[in-house]
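Student: A single structure is presented below for examination.
Numbering (this note's numbering), first residue to last: 18 to 133.
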């Protein structure tokens, strides 16, 4: 995958579909922008790849770019197809299966720890 990491205080522009590259198996991920409060990533999963149920200490938003898969979020199955956007609050249990090669944009952001 082309080098694409940039500092959070720098503007950045790219065309995502030119950066999508699938591995033969497993996952390729690329961090585009990262700071103390958020992170922007491109994930490319080979068909048949699964991520077992897990949680994250950060809020997450998934935007599907291409391919198909299934996200299980709080035991609910969500079909992943291009254009689908899913928000997951921090610590929500989730798992993922790529039915075909699957690319998505993942945004991680700090969870509200004050309960506000």
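Glycine is no exception: its CB is placed at the ideal position from the N, C-alpha and C atoms.
Do three or more CB pairs link the segment 51–60 to the segment 84–98 at distances below 8 Å?
Tutor: Touching, no.
Student: Suppose you measure from the CA of residue 113 to the CA of residue 64; what does that come to, to the nearest Å?
Tutor: Their backbone Cα atoms lie some 12 Å apart in a straight line.
Student: Rounding to the nearest angstrom, what Cα-Cα distance links residue 108 and residue 78 in this structure?
Tutor: If you take the alpha carbons of residue 108 and residue 78, they lie about 13 Å apart.
Student: Exposed or buried, residue 19, counting other C-beta atoms within 10 Å across all chains shown (16 or more means buried)?
Tutor: In this prediction, residue 19 scores a pLDDT of 40, lower than 50, which makes its location untrustworthy; the coordinate-derived value is nonetheless stated afterwards. It is exposed - the Cβ of residue 19 has fewer than 16 other Cβ atoms within 10 Å.
Student: Of all the options 44, 81 and 84, which has the alpha carbon lying nearest to the alpha carbon of residue 62?
Tutor: Here the closest residue by C-alpha is 44.
Student: Skipping 5 residues on each side, what residues in its chain have a beta carbon closer than 8 Å to that of residue 133?
Tutor: For residue 133, the predicted structure reports a pLDDT of 47, less than 50, and the residue's modelled location is therefore unreliable. The matter cannot be settled from this model.
Student: Taking the continuous beta strand (DSSP E) assigned at residue 58, which residues delimit it?
Tutor: It spans 55–62 - the beta strand (DSSP E) in which residue 58 sits, taken as one unbroken run.
Student: Taking the DSSP output, what are the residues bridged to residue 89?
Tutor: Answer is 94 and 112, bridged to residue 89.
Student: Just to check my reading of the structure: residue 72 and residue 106 have Cβ atoms closer than 8 Å, yes? What is that Cβ distance to the nearest angstrom?
Tutor: About 10 Å separates the two Cβ atoms, so there is no contact after all.
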